[in-house]
Amino acid sequence: MSREISPGDSRDPRPDAPEALAIERTIREREQPISGRPAAETRRPPERSKQDRLPIRSVNGRTILYDRDRGYSLTESEIGTICELGRFRVIATHDLGQHAYQGRHTQAKTDIDYLVRHGLVRKGAFEGPEAAPRELLTLTRRGHRLLRANVLVPRDQAVYHGFVKPKEANHDADLYRLYQKEAARIEKKGGKNLRVILDYELKRKINRDVARFGPAAKPEIAERHGLTMVRNKIPVPDLRIEYETRE
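With the numbering used here applied, the sequence shown corresponds to residues 491 to 737, in that order.
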């Protein structure tokens, strides 16, 4: 699955994504053809360091997390749910219980209801396959802020919140299910430190590069991001997974 991108196309004006790498070769004359494309570079995700995390306190199996002057008492599984929703933006309730909770749907429901009551997670019913309604989940602005304030995911991992385009909510939720299959295959082959990159993040980086270097630089920009040009456009995958190998 992929979506094409053109200058100005941005599905998410607020993604909390890391800064894009600068194009090594500066385009001197934007109007002239560009020759000598830079070779594609394989980027290794940064090491996950425990130093990235803020000190947190646990009491009776619950962790106390703070956002500004407000504290939340959360279990490990509830924190895990916040992290998953932040990475993928939208996840179906059933899929979250099936994968993150390993089929323990009752516990998943308890955790989700608790997070909803405390304003960290939002539910929404959307028309699913065969016109059947499907319950989807996303972080609220408050949940997103709590996630970032306590560095619950690595700093280089973009996190999101809210249902941006309701018509695409079900499509976005399906990416979580797709990821589970690919992640299992990658980890079986020795991959580790998986990082989720949604099209929101890629589009933001590409649009910024096009604005900076001009449309003539599209081939170099596409190559820099591991993509290819198709009829003067840069098709962007809905989901990309970066990970480390032994090499």
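We put the beta carbon where it would ideally sit given N, CA and C, even for glycine.
Treat the numbers as computed from the prediction; the structure is a model and nothing was measured.
- For the options Thr571, Val580, Thr735, the alpha carbon positioned closest to that of Pro656 is the one of Val580.
- Secondary structure note for Arg685: its beta strand (DSSP E) is the uninterrupted segment 682-688.
- Between Glu737 and Lys682, the C-beta spacing is not below 7 Å.
- By the neighbour-count criterion, in which a residue is buried when 16 or more other Cβ atoms sit within 10 angstroms of its Cβ, Glu568 is buried.
- Apart from sequence neighbours up to five positions away, the residues of its chain that approach Asp585 with a beta-carbon distance below 6 Å are Tyr666, Arg667, ordered along the chain.
- Residues Leu564, Leu605, Leu610, Val611, Leu629, Gly633, Leu636, Leu637, Leu642 of the same chain have their beta carbon placed closer than 8 Å to that of Ile572, with the five preceding and five following residues left out of the count.
- DSSP, read as helix, strand or coil, puts Thr628 in strand.
- Look at Asp585 here: in three-state DSSP terms it is helix.
- For the stretch 605-673, the continuous alpha helix (DSSP H) assignments of 4+ residues that do not extend past its boundaries occur at 631-639, in sequence order.
- Arg552 and Asp601 have their C-alpha atoms spaced approximately 12 Å apart.
- Put simply, the stretch 676-694 touches the stretch 707-727. At least three CB pairs are less than 8 Å apart.
- Counting C-beta atoms within 10 angstroms of its own C-beta, Val686 has 16 or more neighbours from the protein chains shown and is therefore classed as buried.
- In the same chain as Lys613, and ignoring 5 residues on each side of it, the C-beta atoms closer than 8 Å to its own belong to Thr583, Ile602, Val606, Glu625, Leu626, Leu627, in chain order.
- Taking a contact as a CB-CB distance under 8 Å, the pair Ile711 and Ile696 counts as one, their CB atoms being some 6 Å apart.
- Between Glu566 and Ala590, the C-beta gap is not smaller than 7 Å, which leaves the two residues out of contact.
- DSSP places Gly593 outside both helix and strand once states are collapsed to three, so it counts as coil.
- When DSSP states are grouped into helix, strand and coil, Val720 belongs to the strand group.
- Looking only at Gly587, Gln588, His608, Gly570, the smallest Cα-Cα distance to Tyr562 is reached by His608.
- In the three-state DSSP reduction, Glu737 falls in the coil class, being neither helix nor strand.
- If you draw a straight line from the Cα of Arg702 to the Cα of Asn550, it comes to about 52 Å.
- Pairing Gly652 with Asp662, the inter-Cα distance amounts to about 12 Å.
- Within the model, the alpha-carbon separation for Ala659 versus Pro705 is close to 31 Å.
- Annotated three-state conformation of Arg552 is strand, per DSSP.
- The three-state reading of DSSP puts Asp728 in coil, since its state is none of H, G, I, E or B.
- Secondary structure note for Gly561: its beta strand (DSSP E) is the uninterrupted segment 560-564.
- Leaving aside the five residues that flank Asp557 on each side, the residues in its chain whose CB is nearer than 6 Å to its CB run, in chain order, Arg635, Leu636, Ala639.
- Here the C-alpha atom of Arg577 lies approximately 14 Å from the C-alpha atom of Asp664.
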